[in-house]
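Heads up: the structure comes next, in structure tokens.
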Amino acid sequence: MDGMSAKKTVFIIGATNRPDIIDPALLRPGRLDQLIYIPLPDEDSRHQIFKACLRKSPVSKDVDLRALAKYTQGFSGADITEICQRSCKYAIRENIEKDIERERRKRDNPEAMEEDIEEEEVAEIKAAHFEESMKYARRSVSDADIRKYQAFAQTLQQSRGFGSEFRFSDTSTGGAGAGAGAASDPFASAGGADEDDLYS
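Residue 1 is where the sequence shown starts when you use the UniProt record's numbering, and the numbers rise one by one after that.
See below:
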């Protein structure tokens, strides 16, 4: 990026879901000039997002992440993360309720509890927790938003074809080719202008 010292291991990345209101000055050469459109995750990507969100959580064997990935078409990574977080909260809440019930029974009948001592269960995230979480799942990106982003990406792609017909002149043509190229130079009228004029 212009105005910064060279850093080979530093990348400056900006992300937005409102590309239509970005100041064009930020997109000029030497600034944030490499634009990438990232669509919503496909099924395989959603499956990987589920796995990444739950990698440190105990998940029951009855949970089919592939089925969740297939059902959540059109969901963003943030939407999937919310589903996983809510499912985890349901599992923790269920485990707390079990502990409260266990303490109540222990207080009411301590002799019976001494004979029925169980190891403390780990709060696994079960299929029922995901089913409850999916009742409140929602897409944060509508179909209208997707169409708007796709149209913007297509417009951006079309605006970048200015030099698609450029070819170096054949050396066999000598100076004639160079003269013809100069005559058709779209920037010929800017000769002698200051560099700052290129940004006006």
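Beta carbons: idealized from backbone N, C-alpha and C, even for Gly.
Since residue 76 contacts residue 141 with CB under 8 Å, what's their CB separation in whole angstroms? 6 Å
7 Å CB neighbourhood of residue 47 in its chain, flanking five on each side removed: 65, 66 and 69
Tell whether a beta-carbon distance below 7 Å holds between residue 127 and residue 63. yes
Ends of the alpha helix (DSSP H) at residue 64? That residue, residue 64, is in no alpha helix (DSSP H); it is neither H nor E in DSSP.
Could you give the uninterrupted runs of the beta strand (DSSP E) lying entirely in the UniProt domain "AAA ATPase AAA+ lid" (62-101), keeping only those of 3 residues or more? none
Buried or exposed, going by whether 16 or more other CB atoms sit within 10 Å of the CB of residue 37? exposed
Are residue 57 and residue 86 closer than 7 Å when you measure CB to CB? no
If you reduce the DSSP assignment to three classes, tell me which class residue 12 lands in. coil
Comparing C-alpha positions only, which one of 20, 8 and 14 sits nearest to residue 150? 20
Does the beta-carbon of residue 170 have 16 or more other beta-carbons within 10 angstroms, so that it is buried, or is it exposed? exposed
Inter-residue Cα distance where the pair is residue 109 and residue 102: 11 Å
Quickly, what does DSSP pair residue 125 with across the bridge? List them, please. 59
What residue from 130, 15 and 92 has the CA that sits closest to residue 81's CA? 130
Near residue 115, which residues of its chain fall below 7 Å by C-beta distance, leaving aside the five closest residues on each side in sequence? Reliability fails at residue 115, whose pLDDT of 49 lies under 50, so the model's placement of it is uncertain and the value that follows must be treated cautiously. If we look at residue 115 and ignore the five residues flanking it on each side, it has no Cβ neighbours.
Give the straight-line distance between the Cα atoms of residue 90 and residue 156, rounded to the nearest whole angstrom. 44 Å
Within 7 Å, strictly: CB atoms of residue 32 and residue 26: yes
Looking at residue 84: is its Cβ nearer than 7 Å to the Cβ of residue 54? yes
Measuring alpha carbon to alpha carbon, tell me which of 28, 93 and 144 ends up nearest residue 74. 144
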